[in-house]
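Numbering (the numbering used here), first residue to last: 9 to 192. Read the structure below first, then the notes.
Here it is in C-alpha cells:
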C-alpha cells in the first residue's frame with residue numbers, strides 16, 4: 009500500500025509513540041491503518057520522504073496510437089467523419105483490434121486539434137454540428153431485409169422484411185412480406 013502524503017505525515021507523528029514504547033498494533037488501531045503499513049513507515053530505517061506511487065504507462069490510447077496518422081489524415085480530409093465509420097474502416101482496412109471506445113476517446117482530443125490546424129474556430133466547429141429536424145409525419149427512413157428461406161418448410165420460398173423508422177419520433181415499424189414490389 010502506498011500512502012498519500014498527508015496520511016504519511018499523520019503516521020509520522022506517531023513515531024514518538026513508537027519510540028516511547030507503544031506497540032505497532034496500538035498505533036495501527038489509532039491510525040486505522042494495517043499493522044504492516046505502520047511497521048513499514050515507522051521502522052528506524054523507514055522512508056524519510058512521502059511515498060510516491062509508481063507511474064504506470066498510460067494504456068488509454070496505446071492501441072490507437074499506431075493508427076493516429078491514418079485517422080488524422082482522414083479527419084483532415086473530412087473533419088466531421090463519424091467515429092463509427094472511422095472504427096469500421098480501421099478494422100476492415102488496417103486490421104485494427106481495438107474497440108470503438110478507444111477510437112471515440114482519440115477523436116475527442118484529435119478533432120479540436122485538427123480543426124485548429126485547418127483554421128476552424130471553436131465557434132465555427134460548433135456550428136457544423138447541427139441536428140437535422142423534421143416535422144412529424146414528413147419523413148421516414150425505409151429499408152428492405154432479405155430473410156432467406158426461413159418459411160420454406162411451409163411452402164414459402166423467400167421472405168423479406170420491410171423496415172421503416174419515422175424521422176421525427178424514431179418509431180420503428182417492421183413487416184414481413186413475400187414480395188418487394190410497390191403494391192406490397
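Think of the CB as a built atom: it goes at the ideal place given N, C-alpha and C, for glycine as much as any other residue. Note that the coordinates shown come from a computational prediction; the quantities given were computed from them, not determined experimentally.
Who pairs with residue 169 in a beta bridge, going by DSSP? 153 and 184
For residue 79, I'd like the list of residues in its chain whose CB is within less than 7 Å of its CB, leaving aside the five on either flank, ordered along the chain. 94, 114 and 118
Does any C-beta atom of chain C lie closer than 8 Å to the C-beta of residue 120? The structure shown contains no chain C; it holds only a single protein chain.
Does the segment 150-163 come close enough to the segment 99-111 that 3 or more CB-CB pairs lie under 8 Å? no
With a Cβ-Cβ cutoff of 8 Å, do residue 106 and residue 72 count as a contact? yes
Reducing DSSP to helix, strand and coil, say where residue 159 ends up. coil
If I measure Cβ to Cβ from residue 188 and keep anything under 7 Å in the same chain, skipping five residues before and after, which residues do I get? 152 and 168
Return the CA-CA distance between residue 45 and residue 33, expressed in angstroms with no decimal places. 11 Å
Give me the Cα-Cα distance between residue 122 and residue 70, rounded to the nearest whole angstrom. 20 Å
Could you pull the start and end residues of the alpha helix (DSSP H) that residue 49 belongs to? 43-50
On the criterion of 16 or more Cβ atoms from any shown chain inside 10 Å, does residue 35 qualify as buried, or is it exposed? buried
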